[in-house]
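S.K.:
There are 4 protein chains.
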Amino acid sequence: MIATTTVRVRYKDTDCMGVVYYGNYLTYFEVGRVEYLRQAGMTIAEVNDKVFIPVAEASVKYHRPARLDELLEVRCWVSERKRASFRFEYAIGSEAGERVATGFTLHAVLDRATSRMMAIPPWMAELLPVVSGGAAERV
Amino acid sequence: MIATTTVRVRYKDTDCMGVVYYGNYLTYFEVGRVEYLRQAGMTIAEVNDKVFIPVAEASVKYHRPARLDELLEVRCWVSERKRASFRFEYAIGSEAGERVATGFTLHAVLDRATSRMMAIPPWMAELLPVVSGGAAERV
Amino acid sequence: MIATTTVRVRYKDTDCMGVVYYGNYLTYFEVGRVEYLRQAGMTIAEVNDKVFIPVAEASVKYHRPARLDELLEVRCWVSERKRASFRFEYAIGSEAGERVATGFTLHAVLDRATSRMMAIPPWMAELLPVVSGGAAERV
Amino acid sequence: MIATTTVRVRYKDTDCMGVVYYGNYLTYFEVGRVEYLRQAGMTIAEVNDKVFIPVAEASVKYHRPARLDELLEVRCWVSERKRASFRFEYAIGSEAGERVATGFTLHAVLDRATSRMMAIPPWMAELLPVVSGGAAERV
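Protein chains in written order, with my numbering: chain C, 230 to 368; chain D, 230 to 368; chain L, 230 to 368; chain F, 230 to 368.
1) With H, G and I counted as helix, E and B as strand and the rest as coil, what does DSSP make of Leu357 (chain D)?
2) Got a sec: which bits of the region 239 to 265 of chain F sit with their beta carbon under 9 angstroms from any beta carbon on chain C, in order along the chain?
3) Which residues, taken in chain order from the region 279 to 308 of chain L, show a beta carbon closer than 8 angstroms to some beta carbon of chain D?
4) Go through its chain and collect everything with a Cβ distance to Met271 (chain L)'s Cβ below 8 angstroms, but skip five positions before and after it.
5) Need the endpoints of the alpha helix (DSSP H) that Ile282 (chain F) sits in, please.
6) Do the region 342 to 350 of chain D and the region 309 to 323 of chain D make contact, defined as three or more Cβ pairs closer than 8 angstroms?
7) Between which two residues does the alpha helix (DSSP H) harbouring Ile273 (chain C) extend?
8) Could you tell me which residues DSSP puts in a beta bridge with Trp369 (chain L)?
9) Quick one: what's got a C-beta closer than 7 angstroms to Val238 (chain D)'s C-beta in the same chain, skipping five residues either side?
10) Does DSSP put Asp244 (chain F) in a helix, in a strand, or in coil?
11) When you measure from the CB of Val289 (chain F) to every non-hydrogen atom of the ligand MG, does any distance come out below 7 angstroms?
12) Which parts of the region 298 to 341 of chain L are runs of the beta strand (DSSP E), unbroken and 3 residues or longer, counting only runs that do not cross its ends?
13) Where Ala325 (chain F) and Ser288 (chain D) are concerned, what is the direct C-alpha to C-alpha distance, given to the nearest angstrom?
14) What residue from C:Leu255, C:Val360, C:Glu318 has the CA that sits closest to Val214 (chain C)'s CA?
15) By the three-class DSSP mapping on this structure, what secondary structure does Val263 (chain C) have?
16) Mapping DSSP to helix, strand and coil, what is Tyr291 (chain F)?
17) Please list, in chain order, the chain C residues whose beta carbon lies closer than 8 angstroms to that of Ala274 (chain L).
18) What separation, rounded to the nearest whole angstrom, lies between the Cα atoms of Gly323 (chain F) and Val329 (chain F)?
19) Mark Asp343 (chain C) as exposed unless 16 or more other C-beta atoms lie within 10 angstroms of its C-beta, in which case mark it buried.
20) Taking Cys245 (chain C) as the reference, which of F:Ala337, F:Trp306, F:Pro283 has the closest Cα?
21) In terms of alpha-carbon separation, which member of C:Val276, C:Tyr257, C:Trp306, C:Arg304 lies closest to Val338 (chain C)?
22) Roughly how many angstroms lie between the CA atoms of Tyr251 (chain L) and Tyr240 (chain C), to the nearest whole one?
23) Verify whether the separation of the beta carbon atoms of Pro351 (chain D) and Met230 (chain D) is less than 8 angstroms.
24) What does Met346 (chain L) pair with, by DSSP beta-bridge criteria?
25) Val307 (chain C) to Val280 (chain F), Cα distance in whole Å?
26) Starting from the C-beta of Glu309 (chain L), find all residues in its chain whose C-beta is less than 7 angstroms away, skip the five residues before and the five after it, and write them out in chain order.
27) Of all the options L:Gly247, L:Arg293, L:Phe333, L:Glu264, which has the alpha carbon lying nearest to the alpha carbon of Ala232 (chain L)?
28) Hey, quick one: how far does the beta strand (DSSP E) through Val236 (chain F) stretch, first residue to last?
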């Protein structure tokens with residue numbers, strides 16, 4: 230499963246170099262993974278009611294700058310799932326299909342009550358099927 | 230009492246028009262009033278432990294754009310105090326003393342437990358002496 | 230003409246009080262007016278190619294807090310048009326139709342070349358028909 | 230050379246999980262490297278007058294969440310310098326010395342006129358002495 234959503238670049242997202250501020254791609258990644266979960270069948274609120282999935286690590290590669298009012302496509306999928314953590318992968322492209330930014334976020338799975346790491350429960354593993362090799366290339 | 234603090238303009242604060250994004254002056258106002266409270270003797274965490282003071286209304290006038298890496302001076306004072314609400318006034322100036330932005334935020338005072346409006350308690354009124362007329366002109 | 234668009238509340242938009250940060254409603258207003266212009270027939274880039282319309286004043290009233298993942302409706306219309314300035318009015322509502330925030334932005338019209346105020350050109354006046362009294366009440 | 234600066238966590242930086250939003254550490258990194266350059270002898274405006282140094286890649290590891298009003302220490306140094314690119318490394322710590330976040334940004338060096346990659350000029354290499362192994366451990 231690869232979820233696709235779109236984001237429109239706002240003035241707020243850009244900076245005085247004329248393009249999207251480098252940190253704001255992590256906001257676009259956030260939009261991508263929240264929509265991934267919704268398309269997989271759960272809202273982020275429903276997930277948060279059961280477990281917390283904080284970001285343990287994030288990484289972005291910048292391919293070409295995005296500009297005001299561009300309509301970007303954010304693709305998000307799961308590239309790895311371990312006992313108590315998993316990885317979302319992202320590819321952001323332009324309307325013309327150019328690669329704008331790629332990256333990943335690594336998430337820990339925490340028990341809501343204790344804030345301790347816990348094994349990914351079965352209902353959650355189902356939401357997070359691993360998309361194997363080559364996905365990145367297809368983007 | 231008029232509290233003064235400084236903020237340095239970050240790339241993050243600017244937009245593709247080359248100047249600070251209009252919404253981000255409300256962030257500078259936030260810095261101004263949190264420092265006001267600290268200078269008056271209480272951290273924002275200490276205030277929040279007792280009451281909530283959400284913003285009910287905010288207003289900004291833009292006098293001249295601020296640019297990347299400028300060191301701005303934010304002045305904050307209380308211009309009005311009613312039974313269950315009060316108003317912070319702000320004046321943001323450049324290092325050279327030019328007026329950059331002015332505005333205000335109107336705050337309700339809410340009971341932490343019930344989230345209902347409550348009369349400003351005496352300890353809080355002491356933090357919030359009203360600076361009377363002319364303060365704005367002096368800025 | 231009243232333009233309607235929707236924005237989904239992101240983690241990025243919220244703060245540690247659990248609701249949307251007060252300054253971020255100005256971002257939602259921005260989305261509202263850029264979509265207004267698009268629906269009126271011009272992208273923001275097309276407008277910026279001809280004139281600049283910086284914000285001279287902004288104001289927000291907060292009616293009820295918005296929360297993570299809410300789908301908000303942003304309505305935007307022109308409430309006033311003078312020789313060299315005009316006013317966008319905004320009303321943000323929840324999916325259930327509750328009033329979340331209202332406000333306005335006052336825009337100056339500047340000549341691109343000289344950065345001086347200029348009379349609103351006829352092509353622009355056509356984009357900005359004034360919606361007279363009662364619009365706010367209808368929201 | 231390791232540059233140290235401090236940033237105070239703002240409401241604006243936090244999200245509804247009660248801690249600093251994951252993308253905003255890239256803003257703190259920005260503050261760290263702009264102060265690095267200032268401490269090395271050049272403002273960011275002076276650098277931008279000569280070359281552009283866009284971020285080609287960014288990475289963050291999250292060690293423990295930062296909270297509203299915390300005073301964070303941002304340390305920044307150069308960990309690698311190649312012909313036409315270099316790497317800033319960052320370590321963000323709490324007042325008590327706990328590790329909050331670490332990461333890096335990889336920068337390309339571009340000719341201002343042509344926007345093409347260029348060899349790091351001598352004046353710039355001088356600003357960017359490589360701090361060799363062990364710096365990360367000392368943080």
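A virtual CB, placed ideally from N, CA and C, is assigned to each residue, including glycine.
M.R.: This is what the structure gives:
1) As a working note, residue 357 (chain D) is residue 128 in the second sequence. In this structure, Leu357 (chain D) counts as coil in the three-state DSSP scheme.
2) Met246, Val248, Tyr250, Tyr251, Gly252, Asn253, Tyr254, Leu255, Thr256, Phe258, Glu259
3) Phe281, Pro283, Val284, Ala285, Glu286, Ala287, Ser288, Val289, Lys290, Tyr291, Pro294
4) To locate residue 271 (chain L), count along the third sequence from 1; it is residue 42. Only Leu356 meet the Cβ criterion.
5) One-based indexing of the fourth sequence puts residue 282 (chain F) at position 53. Run containing Ile282 (chain F): none; DSSP gives neither H nor E here.
6) yes
7) In the first sequence, counting from the first residue as 1, residue 273 (chain C) sits at position 44. Per DSSP, Ile273 (chain C) belongs to the alpha helix (DSSP H) from 273 to 277.
8) It is not possible to answer for residue 369 (chain L), since the shown part of chain L is limited to 230 through 368.
9) Against the second sequence, residue 238 (chain D) aligns to sequence position 9. Excluding sequence neighbours, Val238 (chain D) sits near Val249, Ala295, Arg296, Leu297, Asp298, Glu299, Leu301.
10) Residue mapping note: residue 244 (chain F) aligns to position 15 of the fourth sequence, counting from 1. Here Asp244 (chain F) sits in coil by DSSP.
11) In the structure shown, the ligand MG is absent, as is every other ligand, since no ligand is present at all.
12) 300 to 310, 314 to 322, 328 to 337
13) Here residue 325 (chain F) is taken as the residue at index 96 of the fourth sequence, counted from 1. Here residue 288 (chain D) is taken as the residue at index 59 of the second sequence, counted from 1. Computed Cα separation, rounded: 38 angstroms.
14) Within the shown structure, residues of chain C are numbered from 230 to 368, placing residue 214 (chain C) beyond reach of any answer.
15) To locate residue 263 (chain C), count along the first sequence from 1; it is residue 34. DSSP places Val263 (chain C) in helix when its eight states are reduced to three.
16) Taking the fourth sequence and counting its residues from 1, the one referred to as residue 291 (chain F) is at position 62. In the structure shown, Tyr291 (chain F) sits in a strand (DSSP, three-state: E or B).
17) Along the third sequence, one-based indexing puts residue 274 (chain L) at 45. Within 8 angstroms Cβ-Cβ: Leu297, Asp298.
18) Within the fourth sequence, the letter at position 94 stands for residue 323 (chain F). Within the fourth sequence, the letter at position 100 stands for residue 329 (chain F). A small correction: the amino acid at residue 323 (chain F) is Ser; Gly does not occupy that position in the sequence shown. Computed Cα separation, rounded: 6 angstroms.
19) Within the first sequence, residue 343 (chain C) is the residue found at index 114, counting from 1. Sequence check: residue 343 (chain C) is Thr here, not Asp. Exposed, because fewer than 16 other Cβ atoms sit within 10 Å of the Cβ of Thr343 (chain C).
20) Position 16 of the first sequence, counting from 1, holds the residue named residue 245 (chain C). Answer by Cα proximity: F:Pro283.
21) Start at 1 with the first residue of the first sequence, and residue 338 (chain C) comes out as number 109. Among C:Val276, C:Tyr257, C:Trp306, C:Arg304, the Cα nearest to that of Val338 (chain C) is on C:Val276.
22) Taking the third sequence and counting its residues from 1, one reaches residue 251 (chain L) at position 22. Taking the first sequence and counting its residues from 1, one reaches residue 240 (chain C) at position 11. Approximately 18 angstroms between the Cα atoms of the pair.
23) Here the question's residue 351 (chain D) lines up with position 122 in the second sequence. Here the question's residue 230 (chain D) lines up with position 1 in the second sequence. For Pro351 (chain D) and Met230 (chain D), no; Cβs fall outside 8 angstroms.
24) One-based indexing of the third sequence puts residue 346 (chain L) at position 117. DSSP lists L:Leu339 as partners of Met346 (chain L).
25) Along the first sequence, one-based indexing puts residue 307 (chain C) at 78. Along the fourth sequence, one-based indexing puts residue 280 (chain F) at 51. So the alpha carbons of these two residues sit roughly 38 angstroms apart.
26) As a working note, residue 309 (chain L) is residue 80 in the third sequence. Excluding positions up to five away in sequence, the list reads Phe315, Arg316, Val359.
27) As a first step, residue 232 (chain L) is located in the third sequence; it is residue number 3 there, counting from the start. Nearest C-alpha to Ala232 (chain L): L:Glu264.
28) The count along the fourth sequence starts at 1 and reaches residue 236 (chain F) at position 7. It spans 232 to 237 - the beta strand (DSSP E) in which Val236 (chain F) sits, taken as one unbroken run.
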